[in-house]
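J.: I'd like to ask some things about the structure below.
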Amino acid sequence: MFCSLNYEICQNMQEKKDKNRIGWRSIIISFVLIPLNNFWIMQVEGVWNTGHSTCLSLMWHVVINLLIIILINVFIIKRYMPKYALTQSELIIIYSMLTLGASISGRDMLQILIPVMAWAFWFATPENEWSELFHQYIPRWLTISDNRVLRDFYGGKSSLYTHLNIRTWLVPVLWWSLFIVVLGFVMICLNVIIRKQWTKNERLSYPIIQLPMAIVEDGGKLSFFRDRFLLIGFICGAGLNIINGLHFLFPIVPNIPVSYLDHDIGKYFTSRPWNAIGSLRLPLYPFAVGLGFFLPLDLSFSIWFFYLFRKAQEVLGSAMGLNALPGFPYSNQQSSGAWIGIFFVAIWLSRNHLKLVARNIFSGENKDESFSYRIAFIGILSGIVFLSIFCYRAGMSFNIILPFFLIFFMLSIAITRMRAELGPPTHELVNMNSGNILVDILGTRRVGANNLSIFPLFWFFSGRGYRSHLMPHQLESFKMAERANMDSRKLVYGMIIAMTIGGLSAFWALLHLSYKWGMSMIPIGHDSGVYSMLQVRLSNPIGTDVPSVIFMIIGLAFTFFLMFMRTLFLWWPLHPAGYALSMNFGIDYIWSCLVFSSIIKWLVLKFGGIQLHKKTMMFFFGIILGEYCTGGFWSLISVILQQRTYDFYHA
Numbered sequence: 026m027f028c029s030l031n032y033e034i035c036q037n038m039q040e041k042k043d044k045n046r047i048g049w050r051s052i053i054i055s056f057v058l059i060p061l062n063n064f065w066i067m068q069v070e071g072v073w074n075t076g077h078s079t080c081l082s083l084m085w086h087v088v089i090n091l092l093i094i095i096l097i098n099v100f101i102i103k104r105y106m107p108k109y110a111l112t113q114s115e116l117i118i119i120y121s122m123l124t125l126g127a128s129i130s131g132r133d134m135l136q137i138l139i140p141v142m143a144w145a146f147w148f149a150t151p152e153n154e155w156s157e158l159f160h161q162y163i164p165r166w167l168t169i170s171d172n173r174v175l176r177d178f179y180g181g182k183s184s185l186y187t188h189l190n191i192r193t194w195l196v197p198v199l200w201w202s203l204f205i206v207v208l209g210f211v212m213i214c215l216n217v218i219i220r221k222q223w224t225k226n227e228r229l230s231y232p233i234i235q236l237p238m239a240i241v242e243d244g245g246k247l248s249f250f251r252d253r254f255l256l257i258g259f260i261c262g263a264g265l266n267i268i269n270g271l272h273f274l275f276p277i278v279p280n281i282p283v284s285y286l287d288h289d290i291g292k293y294f295t296s297r298p299w300n301a302i303g304s305l306r307l308p309l310y311p312f313a314v315g316l317g318f319f320l321p322l323d324l325s326f327s328i329w330f331f332y333l334f335r336k337a338q339e340v341l342g343s344a345m346g347l348n349a350l351p352g353f354p355y356s357n358q359q360s361s362g363a364w365i366g367i368f369f370v371a372i373w374l375s376r377n378h379l380k381l382v383a384r385n386i387f388s389g390e391n392k393d394e395s396f397s398y399r400i401a402f403i404g405i406l407s408g409i410v411f412l413s414i415f416c417y418r419a420g421m422s423f424n425i426i427l428p429f430f431l432i433f434f435m436l437s438i439a440i441t442r443m444r445a446e447l448g449p450p451t452h453e454l455v456n457m458n459s460g461n462i463l464v465d466i467l468g469t470r471r472v473g474a475n476n477l478s479i480f481p482l483f484w485f486f487s488g489r490g491y492r493s494h495l496m497p498h499q500l501e502s503f504k505m506a507e508r509a510n511m512d513s514r515k516l517v518y519g520m521i522i523a524m525t526i527g528g529l530s531a532f533w534a535l536l537h538l539s540y541k542w543g544m545s546m547i548p549i550g551h552d553s554g555v556y557s558m559l560q561v562r563l564s565n566p567i568g569t570d571v572p573s574v575i576f577m578i579i580g581l582a583f584t585f586f587l588m589f590m591r592t593l594f595l596w597w598p599l600h601p602a603g604y605a606l607s608m609n610f611g612i613d614y615i616w617s618c619l620v621f622s623s624i625i626k627w628l629v630l631k632f633g634g635i636q637l638h639k640k641t642m643m644f645f646f647g648i649i650l651g652e653y654c655t656g657g658f659w660s661l662i663s664v665i666l667q668q669r670t671y672d673f674y675h676a
């Protein structure tokens, strides 16, 4: 009996060693893939201005990587070397790491930061007086001011790999990489604190992870890929992109117009007040319809309803003469107030859980998370201290640093909540950021020239769009780990490694391409106006923007009203997250796709029941995979041929 017990103990120890070895194996695979993917992203998004994988909540290039690994795992490793087959947990780690690594290189992250680091000095002229206005406030250890380095950076036909270039870029790159990792770690700690409330207590739906979880189940199942409805959907999605891709190369091939740019019915409204509607595009992306099918019905309805609500405000403003008021209907300010409202609603709904967290911080007891609430709390405090010292050394004032990051993390938590509950295919919160909110509330005089001059450097994480925000991706990875009953500690290690390698490789990829092509030839453009805006703010200081503050309060109050109505009436169909999301520009890319997905889902549930819903779900899985795979194929062709090819998602 003793021998048997001893054997079982040894066997368990060996299984634990194998599990640890396998866990690190997935991290090593991701470690290799992240730089390759970041180069791919920078080439197609940065240089060709196509692809835009990082603008999507479910990134197509990550799905392609995962799919290739799973097919190898299913058809080769499981068949011939089953002992070494990748597990579901490993595939989740790979998915999480690739997503975070790509997020940092995304359209709204380092594709913005890297040009901003040089813009203020290269484009300074005697006419714009930038050197007199704000050069003294720009930290040299975070930017590039040497014209010898910038000449080749903007002109191209050169190489990054010279002693002068590497020495000049090295210090700013390392500081910004450290900043990004610490910022991301604070988000991990916040997710550890809120995860249980949103995942187990409120049981939010996490629509974005439905497809990744389906394809990683049991390390990949052959039965999933043989499903008839999935194959039909795949053929439809792939066929569409093949036809349109051939049309791009050979115009004689007919085109199937589904892009955001193909249909604009706003041009038919030419008389006042209807012409105030502006652009009213009708995107018809099948993959977006598919992703929308997995949204809760009331939430998808709320998104497109409030998009039309925003357009109605513009028409009404024109009819009543309110468009003479600069900024009316202050959509960004309404959206800002709404997102802050969602934060407060989320905190209120989590109040009992947060009380438990507070008790556990002092007791050190909680076994359900990747690490204890006490460690998470210490991590948040330590991270905030580092970020504050970083910003103070960069030139910001402490009385602005703390509210700046308070607003940023309020927005981050609200966006993460929205992704967990709503899961739209994309979300772009244009110009809705801590800096602009502080300027609206305090005015440029109170904010101060030193702080205003640093805000453009923070445009990449609190500025442009938040489409590749790290925090929602982290929480979705935690949810996948929870569904798979896996040890999420290695997932945390993988996240930190992914953010580190992702930041460094993203810097390398875009700098390499910039010295090859020339930054002046790379059509990123999302950062080009930040210093011009700074010039206006410093040249014409103003106080509190009263109308903007009023509309923020309106957005906040309306969000509370919508939440109250949902609490009071179970049938109430309008969700505050739809209002917050649709009052900003980003939903324009997909709103009509969600109209179709809402109608399809309603018809399926009403007349077909659960069985038809499952079949339709597999069909849309196929649509998404078909479009993603063939869209990714055209993207890879563009890298190989070094020229643009068909872009199946324009953003």
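FYI, in the numbering used here the residues of the sequence shown are 26 to 676.
Just so it is clear, CB atoms sit at the ideal spot from N, CA and C, and this is done for glycine as well.
Just the C-alpha distance for VAL455 and SER437, rounded to the nearest angstrom, thanks.
T.: Taking the straight line joining both Cα atoms gives about 14 Å.
J.: What is the rounded straight-line gap between the Cα of ASN37 and the Cα of LYS103?
T.: Bear in mind that the predicted position of ASN37 carries a pLDDT of just 46, short of 50, making it unreliable; the figure below should be weighed with that in mind. Computed Cα separation, rounded: 23 Å.
J.: Whose C-beta lies closer than 7 Å to the C-beta of VAL119 among residues of the same chain, with five residues either side of it excluded?
T.: The amino acid occupying residue 119 in the given sequence is Ile; Val does not appear at that position. These residues qualify, in order along the chain: SER51, ILE54, SER55, LEU91, ILE94.
J.: Is the CB-CB distance between TRP194 and LEU536 below 9 Å?
T.: In this structure, LEU536 lies closer than 9 Å to TRP194 by Cβ.
J.: Give the straight-line distance between the Cα atoms of ARG46 and SER502, rounded to the nearest whole angstrom.
T.: Summary for ARG46: the model assigns pLDDT 46, below 50, so the residue's position carries little reliability; its value from the coordinates is reported in the next sentence. Each residue's alpha carbon lies about 21 Å from the other.
J.: Given that a residue counts as buried once 16 or more other Cβ atoms are within 10 Å of its Cβ, and exposed if not, what is ARG418?
T.: Looking at its Cβ environment, which holds fewer than 16 other Cβ atoms inside 10 Å, ARG418 is exposed.
J.: What does the Cβ neighbour count give for GLY209, buried or exposed, with the cut at 16 atoms within 10 Å?
T.: Counting Cβ neighbours within 10 Å, GLY209 comes out buried, since at least 16 surround it.
J.: Return the CA-CA distance between ARG335 and ILE328, expressed in angstroms with no decimal places.
T.: Cα-Cα distance, rounded: 11 Å.
J.: Who are the near neighbours of PRO232 in its chain, counting only those whose CB is closer than 6 Å to its CB and skipping five residues on each side?
T.: So the qualifying residues of the chain are PHE319, LEU320, GLY448.
J.: For the stretch 106-125 and the stretch 240-248, state whether three or more C-beta atom pairs, one from each stretch, are separated by less than 8 Å.
T.: Enough Cβ pairs lie closer than 8 Å, so yes.
J.: Going by DSSP, what residues sit across from ASP289 in a beta bridge?
T.: Paired residue(s): ARG306.
J.: Return helix, strand or coil for ARG46, following the three-state DSSP convention.
T.: The predicted model places ARG46 with a pLDDT of 46, which falls under 50 and marks its position as unreliable, so this point remains unresolved.
J.: What are the boundary residues of the alpha helix (DSSP H) that includes GLN359?
T.: Its alpha helix (DSSP H) spans residues 356-374.
J.: In three-state terms, what does DSSP make of VAL283?
T.: Coil.
J.: On the CB-based measure, 16 or more other CB atoms within 10 Å of its CB, does ALA344 come out buried or exposed?
T.: Under this definition ALA344 is an exposed residue.
J.: Going by beta-carbon coordinates alone, are ILE59 and GLY126 separated by less than 9 Å?
T.: Yes, these two residues count as a Cβ contact at 9 Å.
J.: Go ahead and pull the three-state DSSP assignment for SER573.
T.: Helix, per DSSP.
J.: From this set, HIS272, TYR310, GLU115, GLY543, which residue's C-alpha is nearest SER513's C-alpha?
T.: For SER513, the nearest C-alpha among the options comes from GLU115.
J.: With respect to the alpha helix (DSSP H) encompassing HIS537, which residues constitute its N-terminal and C-terminal limits?
T.: Element bounds for HIS537: 514-542.
J.: Which stretch, first to last residue, makes up the alpha helix (DSSP H) that contains SER395?
T.: Counting along the chain, SER395 falls outside any alpha helix (DSSP H), and DSSP gives it neither H nor E.
J.: Which residues bound the alpha helix (DSSP H) around GLU157?
T.: First-last of the alpha helix (DSSP H) with GLU157: 155-158.
J.: Pull up the distance between the alpha-carbon of ALA509 and that of MET524, whole angstroms please.
T.: Cα to Cα, the separation comes out at about 23 Å.
J.: Alpha helix (DSSP H) containing LYS626: first to last residue?
T.: Looking at the DSSP string, the run of the alpha helix (DSSP H) that includes LYS626 is 616-632.
J.: To which residues of the same chain is GLU507 closer than 7 Å at the C-beta, ignoring the five residues directly before and after it?
T.: Excluding residues within five positions, the ones whose Cβ falls inside 7 Å are THR224.
J.: Name the residue from GLY315, ARG492, VAL620, ILE219 whose alpha carbon lies nearest to the alpha carbon of LEU135.
T.: Of the listed residues, the one whose Cα sits closest to LEU135 is ARG492.
J.: Whole angstroms are fine: how far does the CA of HIS494 sit from the CA of GLY346?
T.: Roughly 38 Å separates the two Cα atoms.
J.: So the alpha helix (DSSP H) THR295 belongs to, where does it begin and stop?
T.: Premise fails: THR295 is in no alpha helix (DSSP H) and is neither H nor E.
J.: Return the residue from the list LEU256, ALA301, LEU307, ILE268 that minimises the CA-CA distance to ASP287.
T.: Checked all of LEU256, ALA301, LEU307, ILE268; the closest Cα to ASP287 is LEU307.
J.: Where LEU599 and HIS77 are concerned, what is the direct C-alpha to C-alpha distance, given to the nearest angstrom?
T.: About 30 Å.
J.: From the DSSP output, in three-state form, read off VAL555 for me.
T.: VAL555 falls in the helix class under three-state DSSP.
J.: First and last residue of the alpha helix (DSSP H) that includes ALA474?
T.: Segment 474-479, the alpha helix (DSSP H) holding ALA474.
J.: For LEU559 and LEU477, which I take to be in contact (beta-carbon distance under 8 Å), what is that distance rounded to the nearest angstrom?
T.: That belief holds up - the Cβ atoms of LEU559 and LEU477 are roughly 6 Å apart, short of 8 Å.
J.: Note down, in chain order, each residue of its chain lying with its Cβ closer than 8 Å to the Cβ of ARG173, except the 5 sequence neighbours on either side.
T.: Correct list, in chain order: LEU189.
J.: Cβ-heavy atom distance between PHE259 and the ligand HEM below 8 Å?
T.: What this structure holds is no ligand at all, so the ligand HEM is not there to describe.
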